[in-house]
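Novice: Count the sequence shown with the numbering used here and you get residues -17 to 176, in order. After the structure tokens below, expect a handful of questions from me.
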Amino acid sequence: MKKIKGFLSGMTFKQKRYAVIMMICVAVNMIPEEIMTRVSAPLWMDVTGTIAATIILEPAAGLIVGLINNFFRAIFINGPTTLVYYSVSAAAALLAAIMLDRENRLRFGRVVISTVLIIVASTLLSGLLKYWRIGGVSNLYWENYFSEIAASRGFGTFLSGMFGTFVIKVPDTIASVILAVIMYKLTPKKYRGR
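In structure tokens, the structure reads:
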């Protein structure tokens, strides 16, 4: 704790605010993702903090939070080839910015549009990267389960893999957006924005 206090002591209010919110968002990316993996839940929950950093601070903060998360996973968990999945986090960060109006306030219609766009972009990017990396066959139980359902209906490997990704991305993205919006609402106004 002393090291964190020492790190923050030489910063301006704005720098402290960014550092603290971004650290919280990195933890919000990593902890639920690890829990979901351990309990074999049909969710990833790996972009919640990325979306929250974007709507609480700005898109650049979301991009950095996503990058930290992806670097950590590439170095310590899944190996370096998984770093290409940063494109999914980056897309989520950039598309989450749509949720805010010019006065940095959330608007329900914008949240819905952003959520749909995140689902579409992350499904396409994840599906393409998965197909490129491992031939479209997932090592995740639920994603593979839904891919096999599509394959049994006559879809090819690529479309089956996309279907499995899509079925998981819908509830995953909705849950991530809801948690990010809750984080936004719980963050005092003086800590929001650039």
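Glycine included, each C-beta is placed from N, C-alpha and C at the ideal position.
Among Leu110, Gly(-12), Lys(-16), which residue has its Cα nearest to the Cα of Gly146?
Specialist: Nearest C-alpha to Gly146: Leu110.
Novice: Who are the near neighbours of Phe140 in its chain, counting only those whose CB is closer than 6 Å to its CB and skipping five residues on each side?
Specialist: Contacts found: Tyr113, Gly118.
Novice: Can you look up Leu25 in the DSSP assignment and give me helix, strand or coil?
Specialist: Leu25 falls in the coil class under three-state DSSP.
Novice: For Met81, I'd like the list of residues in its chain whose CB is within less than 6 Å of its CB, leaving aside the five on either flank, ordered along the chain.
Specialist: Only Ile37, Leu88, Arg92, Val93, Ser96 meet the Cβ criterion.
Novice: Could you tell me which uninterrupted alpha helix (DSSP H) segments, each at least 4 residues in length, are contained entirely in the region 34 to 116, listed from first to last along the chain?
Specialist: The region 34 to 116 contains these whole alpha helix (DSSP H) runs: 41 to 54, 68 to 78, 90 to 116.
Novice: Please determine if the region 68 to 86 and the region 28 to 47 are in contact, where contact requires at least 3 C-beta pairs separated by less than 8 Å.
Specialist: Judged by Cβ distances under 8 Å, the region 68 to 86 makes contact with the region 28 to 47, as three or more pairs qualify.
Novice: By DSSP, does Leu122 sit in helix, in strand, or in coil?
Specialist: If DSSP states are grouped into helix, strand and coil, Leu122 belongs with coil.
Novice: With the cut-off set at 8 Å, would you say Met4 and Ala35 are in Cβ contact?
Specialist: Yes, Cβ-Cβ distance for Met4 and Ala35 is below 8 Å.
Novice: Nearest to Arg176 by CA position, among Met18, Leu107, Lys(-15), Arg(-1), is which residue?
Specialist: Considering only alpha carbons, the answer is Arg(-1).
Novice: For Leu(-5), count neighbouring Cβ atoms within 10 angstroms of its own Cβ and tell me buried if that reaches 16, exposed if not.
Specialist: Here residue -5 is Phe; the residue named in the question, Leu, does not match the sequence. Phe(-5) comes out exposed.
Novice: For a quick check, are the C-beta atoms of Thr155 and Ser104 less than 8 Å apart?
Specialist: Yes.
Novice: Quick one: which unbroken alpha helix (DSSP H) runs of 4-plus residues sit fully inside the region -15 to 19? Chain order, please.
Specialist: You should have found no qualifying run.
Novice: My understanding is that Ile33 touches Ala78, with C-beta atoms under 8 Å, so please give their C-beta distance in whole angstroms.
Specialist: Right, the Cβ-Cβ distance comes to about 4 Å (below 8 Å), so this counts as a contact.
Novice: From the DSSP output, in three-state form, read off Gly136 for me.
Specialist: DSSP places Gly136 in coil when its eight states are reduced to three.
Novice: Compute every distance between the C-beta of Arg176 and the non-hydrogen atoms of the ligand MG, then say whether any falls below 7 Å.
Specialist: This structure lacks the ligand MG, and indeed carries no ligand of any kind.
Novice: Helix, strand or coil for Pro153 per DSSP?
Specialist: In the structure shown, Pro153 sits in a helix (DSSP, three-state: H, G or I).
Novice: For Gly31 versus Asn11, is the C-beta spacing smaller than 8 Å?
Specialist: Cβ distance < 8 Å, so Gly31 and Asn11 count as in contact.
Novice: Quick one: measure Cβ to Cβ for Val29 and Ser158, integer angstroms, because I've assumed they're closer than 8 Å.
Specialist: Their Cβ separation, rounded to whole angstroms, is 5 Å, which keeps Val29 and Ser158 in contact under 8 Å.
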